[in-house]
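Asker:
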Amino acid sequence: MSASRSLETDVLVIGAGPGGYVAAIRLGQLGHDVTLVEKDAYGGACLNRGCIPSKALITASDLAERAKSAQQMGIDADVSTDFERMVEWKDEIVGRLTGGVEQLCRTNGVDLIDGRAAFVDESQVRIEGAGADAADRIRFGTAIIATGSRPMALPEFNFGEEFIMSSTDALAAAEIPDRMLTIGGGYIGMELSTVFAKLGCDVTVVEMLDSVLPTYEDDLSAVVRRRAEDLGVDFDFGTAATDWTEIKSGVLVTTETEDGDSAEYETDRVLVAIGREPVTDTLDLSNAGVDTTKRGFIDTDKNGRTEQENIYAIGDVAGDPLLAHAANKEGILAAQDIAGEPLDVGDWIVPEAVFTDPEIAAVGMTQSEAEEIGFEPVVGTMPFDASGRAMTLGETDGFVRIVASSDGGALLGAQIVGPDASELVAELTFAIKHRASLTDIAETIHVHPTLSEAVMEAAENAMGQAIHTTN
Ligand code: FAD
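In the numbering used here, the protein residues as written are 606 to 1076.
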């Protein structure tokens, strides 16, 4: 990456993750003089140590596992995996995408600078670690903070110790350990535990709450948990990991329940996946007059404006939802606002997905959330074991559920657990965003045989009219 010599810029974007690079490109498209500073690698957590590398390993490990267990389809495969080559393939994808981001920035006239930015005041940053020819101070008219988030550490389990891994370490692992203990059954812990289990690792997940993926409804997370158990993953719920020591055969991790019962687990590696925290502590934000919440996030309005008029914050650093596609759109909103062409996007509908086996996806309200705010919702469900396409894929676990208003059938929310849930949720997100009704979905012809028919049948089920499931 070569650095710009420009010491002044109209808009400065700090951080080239999915929030920052998208904002910079849109500003470039809108004809602004924009400079993007990145301390590490283009594409941020998403491309380098998050969404993309994890999904590459999820696909590869899943392919290996499916090939191994396809006897029912008449396939007897003797599968062996070469993790080194798998990692090379993953890294090549990451390289292509991060190179693409850099190229797109340049094509759109974005000036790129290597280094870490910290505020000197509300119109100036200093750049640390920049190349010899780079600017070490940049004056800006407007700044966008897009510095993202990092794995949260657990006391006693320091990242950097040989045996303790963050998600970043796990995605960069050179080999699959024989045994792994995962602390945290959230989406990152479960996605990575599934990958490791499919590649032959003996995984135990220790979770303080009483289920995996606790932000989702029990009937969704139970499907994922059952499948993980089939893959050999063990769970210890209501338990906190408290300490570890190195022993001859690896690591001994101590856990404790709320009642004070303790247990010990012998393992080779510990993956700490207890959440993510914002990267605000190295920015000298107080120099710019920008405050953070107790948890370190930056409060903004819907266009990303902070309390400081000329400073915006987008993506993970601006708080929930900590998702790449939300960061993308926040980048667009901020850029358009800065350019004086604000977008009125109406209701902010952010779908989410967990790429476990099977996947979970959700958008809008659950039934109980709808009830809490006074709806008397109707609910329709279509199980995948009644879907012809799911059977031909050999993936019949799970269901599509649609929540709609009983008054007119307007869609309020949907939850999916099953094959390609992350793709199926797009139709429902579009439907909710554009105020479509159950009838709109039911009267839309879906290709047969596809998983998307299950979305249509869930809508029909809510209307008491499904053909392939009991109403
Ligand atoms: P980031 O991607 O964190 O980028 C911030 C950038 O700012 C970084 O490149 C950083 O180096 C740079 N930076 C920080 N401080 C400075 C500074 N002072 N000066 C200059 N540069 C700085 N989300 C999804 O939507 N789908 C998924 O499937 C998904 N999977 C994930 C899997 C894992 C294992 C992880 C860890 C995350 C996953 N996420 C996923 C979350 C997703 O990666 C983040 O929501 C997204 O990357 C946030 O984008 P961002 O631009 O806000 O920040």
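The beta-carbon is built from N, C-alpha and C at its ideal position, and this holds for glycine as well.
Since the model is a prediction, treat every value here as computed from it, not as a measurement.
Within 10 angstroms of its Cβ, does Asn933 collect 16 or more other Cβ (buried), or is it exposed?
Answerer: Classification for Asn933: buried.
Asker: Considering only heavy atoms of the ligand FAD, does any lie closer than 7 Å to the CB of Glu1028?
Answerer: Not under cutoff, so the answer is no.
Asker: In whole angstroms, what separates the C-alpha of Pro623 from that of Gly648?
Answerer: In a straight line, the C-alpha of Pro623 is about 6 Å away from that of Gly648.
Asker: State yes or no: is the C-beta of Val968 within less than 8 Å of the C-beta of Thr986?
Answerer: Their beta carbons are not under 8 Å apart, which means Val968 does not touch Thr986 by this criterion.
Asker: Where do the ends of the beta strand (DSSP E) carrying Ala868 lie?
Answerer: Ser867 to Thr872 is the span of the beta strand (DSSP E), which, as asked, contains Ala868.
Asker: To the nearest angstrom, report how far apart Gly1154 and Val984 are at their CA atoms.
Answerer: Because the chain here runs from 606 to 1076, residue 1154 falls outside it and cannot be looked at.
Asker: Use the C-beta contact count for Met691: other C-beta atoms within 10 angstroms, 16 or more gives buried, fewer gives exposed.
Answerer: Classification of Met691: buried, given that the 10 Å Cβ count is 16 or more.
Asker: Across the stretch 921 to 939 and the stretch 619 to 635, are there enough close Cβ pairs to call them in contact, namely three or more that are closer than 8 Å?
Answerer: Result yes; three or more Cβ-Cβ pairs closer than 8 Å.
Asker: DSSP on Tyr647, reduced to helix/strand/coil?
Answerer: Three-state DSSP puts Tyr647 in coil, outside helix and strand.
Asker: Helix, strand or coil, according to DSSP, for Tyr626 in the structure here?
Answerer: It is helical.
Asker: Note down, in chain order, each residue of its chain lying with its Cβ closer than 6 Å to the Cβ of Glu707, except the 5 sequence neighbours on either side.
Answerer: Result list for Glu707: Tyr647, in chain order.
Asker: So within the stretch 928 to 1000, which uninterrupted beta strand (DSSP E) runs reach at least 3 residues, ignoring any that extend past its ends?
Answerer: Taking only runs of at least 3 residues, the beta strand (DSSP E) segments lying wholly in the stretch 928 to 1000 are 957 to 959, 964 to 969 and 983 to 988.
Asker: Using beta-carbon positions only, say whether Ala723 and Thr887 come within less than 8 Å of one another.
Answerer: Yes, these two residues count as a Cβ contact at 8 Å.
Asker: Is it the case that the Cβ atoms of Ile1037 and Leu1029 are separated by a distance below 8 Å?
Answerer: Their beta carbons are not under 8 Å apart, which means Ile1037 does not touch Leu1029 by this criterion.
Asker: Alpha carbon to alpha carbon, how far is Arg631 from Arg575? Give it in angstroms, no decimals.
Answerer: Outside the shown range of the chain (606 to 1076) lies residue 575, about which nothing can therefore be said.
Asker: Determine the closest residue to Ala696 out of Thr712, Val684, Ser659 and Glu1032, with distance taken between C-alpha atoms.
Answerer: Correcting the residue identity first, residue 696 is Asp in this sequence and not Ala. The option with the nearest alpha carbon to Asp696 is Ser659.
Asker: I'd like to know whether the C-beta atoms of Val858 and Leu797 end up nearer to each other than 8 Å.
Answerer: For Val858 and Leu797, no; Cβs fall outside 8 Å.
Asker: For the alpha helix (DSSP H) that Val1030 lies in, which residues bound it at each end?
Answerer: Counting along the chain, the alpha helix (DSSP H) containing Val1030 begins and ends at Ala1026 to Lys1038.
Asker: Just to confirm my understanding: we take Lys644, look at its own chain, exclude 5 residues before and 5 after, and list those with CB closer than 7 Å. What are they?
Answerer: Gly720, Arg721 and Gly734, listed in sequence order.
Asker: Going by Cα to Cα distance, which pick from Asp807, Lys803 and Asp839 is closest to Val817?
Answerer: Ranking Asp807, Lys803 and Asp839 by Cα distance to Val817 puts Asp839 first.
Asker: Under 8 Å, with one C-beta from each stretch per pair, do the stretch 634 to 641 and the stretch 862 to 877 reach the 3-pair mark?
Answerer: With the cut-off at 8 Å, the stretch 634 to 641 and the stretch 862 to 877 do not touch.
Asker: Check the DSSP bridge columns for Val875 and list the partner residues they point to.
Answerer: DSSP, once it has assigned bridges, lists Ile769 and Leu786 as partnering Val875.
Asker: Tell me which residues share the same chain as Leu1017 and place their Cβ nearer than 8 Å to its Cβ, disregarding the 5 neighbours each side in the sequence.
Answerer: Hits under 8 Å: Gly969, Met970, Ala975, Phe980, Pro982, Val1008, Ala1009, Ser1010 and Ile1037.
Asker: Just checking my contact of Asn915 with Gly746 at CB under 8 Å: how many whole Å lie between their CB atoms?
Answerer: Right, their Cβ atoms sit about 7 Å apart.
Asker: Looking at the structure shown, is Leu635 part of a helix, part of a strand, or coil, going by DSSP?
Answerer: Reduced to three states, the DSSP call for Leu635 is coil.
Asker: DSSP three-state call for Ser607: helix, strand or coil?
Answerer: With a pLDDT of only 47 at Ser607, under 50, the local geometry of the prediction cannot be trusted, and the value read off the model is given with reservation. Three-state DSSP puts Ser607 in coil, outside helix and strand.
Asker: Is it buried or exposed for Lys803, if we count other Cβ within 10 angstroms and need 16 for buried?
Answerer: With 16 or more Cβ atoms within 10 Å of its Cβ, Lys803 is classed as buried.
Asker: For the stretch 781 to 847, list the beta strand (DSSP E) runs that are entirely contained and at least 3 residues long, ordered along the chain.
Answerer: For the stretch 781 to 847, whole beta strand (DSSP E) runs of length 3 or above, ordered along the chain, are 784 to 788, 807 to 812 and 839 to 842.
Asker: Please report the residue range of the alpha helix (DSSP H) in which Ala692 lies.
Answerer: According to the sequence as given, residue 692 is Val; it is not Ala. Counting along the chain, the alpha helix (DSSP H) containing Val692 begins and ends at Phe688 to Thr712.
Asker: Taking the alpha carbon of Arg744 as the point to measure from, which residue in Asn892, Glu693 and Asp726 has its own alpha carbon closest?
Answerer: Comparing Cα-Cα distances from Arg744 to each of Asn892, Glu693 and Asp726, the minimum goes to Asp726.
Asker: May I ask you to list the residues that DSSP assigns as paired with Asp726?
Answerer: Paired residue(s): Gln729.
Asker: Which same chain residues, not among the five before or five after Thr905, have their C-beta less than 6 Å away from its C-beta?
Answerer: Closer than 6 Å at the Cβ level, and outside the excluded window around Thr905, lie Thr911, Ala918 and Ala923.
Asker: So, are the CB atoms of Asp807 and Arg831 less than 8 Å apart?
Answerer: Their beta carbons are not under 8 Å apart, which means Asp807 does not touch Arg831 by this criterion.
Asker: Considering only the beta carbon of each residue, do Phe902 and Pro926 sit closer than 8 Å?
Answerer: In this structure, Pro926 does not lie closer than 8 Å to Phe902 by Cβ.
Asker: In the structure shown, what three-state DSSP assignment does Thr1055 receive?
Answerer: Of the three classes helix, strand and coil, the one that applies to Thr1055 here is coil, per DSSP.
Asker: Any heavy atom of the ligand FAD closer than 7 Å to the Cβ of Val922?
Answerer: Within the cutoff, so yes.
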